[in-house]
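Novice:
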Amino acid sequence: MLRGFALSFGDDLIAALRDIVTQAPFRRMHTPGGHQMSVAMTNCGSFGWVTDRTGYRYDPNDPETAKPWPPMPPSFRALAGQAAAEIGFGGFAPEVCLINRYVPGARMSLHQDKDELDLGAPIVSVSLGLPAIFLFGGMKRSDKTQRFRLEHGDVAVWGGPARLAFHGVAPLADGEHPLMGRQRINLTFRKAR
Ligand code: MD3
Ligand code: FE
169 MLRGFALSFG DDLIAALRDI VTQAPFRRMH TPGGHQMSVA MTNCGSFGWV TDRTGYRYDP
229 NDPETAKPWP PMPPSFRALA GQAAAEIGFG GFAPEVCLIN RYVPGARMSL HQDKDELDLG
289 APIVSVSLGL PAIFLFGGMK RSDKTQRFRL EHGDVAVWGG PARLAFHGVA PLADGEHPLM
349 GRQRINLTFR KAR
């Protein structure tokens with residue numbers, strides 16, 4: 169956990185994010201089970217994570233427009249690479265940045281991230297906006313979870329045995345963030361294949 173690591177990247181991140189969302193707006197996707205997620209998502213990079221009735225996948229194109237996802241901004245790439253290197257994962261070259269948007273009440277239930285082919289690569293996550301309670305479990309869904317508060321600017325690197333741990337996010341508490349307003353944005357940087 170690198171507390172406040174993203175703060176020095178400042179307004180660049182938020183400006184780049186605004187650009188991405190103009191090209192590929194947030195949307196609430198459906199799970200294969202038919203539920204609509206409370207979290208709204210978009211992506212940038214050479215692939216994006218998507219879910220629909222047919223399953224989960226990494227897709228080079230945005231299914232809404234059939235066009236490639238917006239490119240990953242240099243400030244995103246630099247932040248992810250520097251954070252990974254700080255934890256001992258030198259040379260991390262993410263292909264995907266999945267962008268999650270939580271409004272008050274939105275949550276993410278316990279899950280594992282295993283749609284990526286190279287599970288040796290870490291995932292780097294960046295929190296912006298309202299604080300959230302992150303739930304970190306074990307290798308079984310039924311393992312007890314530890315709670316961590318993630319605040320604006322916090323970065324976490326998930327590699328090694330933690331890479332396949334169950335995790336989730338508790339329902340977002342209402343609030344108003346001075347820069348981001350009434351929402352939390354989470355960036356996750358991934359190698360897809
Ligand atoms: C631990 N996102 O997008 S970020 C996800 O805050 C996801 O939006 C949450 O879980 C969010 O898949 C949590 C922290 C995170 C991301 C990936 C992980 C923790 C992880 C993968 C393995 C273990
Ligand atoms: Fe996850």
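For any residue, its number in my numbering is found by taking its place in the sequence shown, counting from 1, and adding 168.
Built from N, CA and C at the ideal position, the CB exists for glycine as well.
Quick caveat: nothing in here was measured; it's all calculated off a predicted structure.
Looking at the structure shown, is Ala173 part of a helix, part of a strand, or coil, going by DSSP?
Specialist: Checking the sequence shown, residue 173 turns out to be Phe, not Ala. Residue state, collapsed to three classes: helix.
Novice: Can you give me the C-alpha to C-alpha distance between Gly178 and Arg352, rounded to a whole angstrom?
Specialist: 16 Å
Novice: CA-CA distance, Met348 and Asn354?
Specialist: 12 Å
Novice: Considering Leu181, what are the terminal residues of the alpha helix (DSSP H) in which it resides?
Specialist: Gly178 to Gln191
Novice: Could you compute how far the alpha carbon of Trp217 sits from the alpha carbon of Arg225?
Specialist: 6 Å
Novice: How big is the Cα-Cα spacing for Pro290 and Ala360?
Specialist: 11 Å
Novice: Roughly how many angstroms lie between the CA atoms of Pro236 and Asn229, to the nearest whole one?
Specialist: 4 Å
Novice: So, do the segment 260 to 267 and the segment 314 to 321 have three or more beta carbon pairs nearer to each other than 8 Å?
Specialist: no
Novice: Could you give the distance in angstroms between the alpha-carbon of Gln314 and the alpha-carbon of Val294?
Specialist: 19 Å
Novice: I'd like to know whether the C-beta atoms of Ala261 and Val325 end up nearer to each other than 8 Å.
Specialist: no
Novice: Using a 10 Å radius around the Cβ and a threshold of 16 neighbouring Cβ atoms, would you call Asp286 buried or exposed?
Specialist: Per the 10 Å Cβ criterion, exposed.
Novice: Put Gln250 into one of helix, strand or coil per three-state DSSP.
Specialist: Annotated three-state conformation of Gln250 is helix, per DSSP.
Novice: Excluding the five sequence neighbours on either side, which residues of its own chain have a C-beta within less than 6 Å of the C-beta of Ala248, listed in chain order?
Specialist: Pro262, Val292 and Phe357
Novice: Starting from Gly273, trace the beta strand (DSSP E) in both directions and tell me its first and last residue.
Specialist: Where Gly273 is concerned, there is no enclosing beta strand (DSSP E), given that its DSSP letter is neither H nor E.
Novice: Please output, in chain order, the residues near the ligand FE using a CB cut-off of less than 6 Å to any non-hydrogen atom of the ligand.
Specialist: Result: His279, Asp281 and His335.
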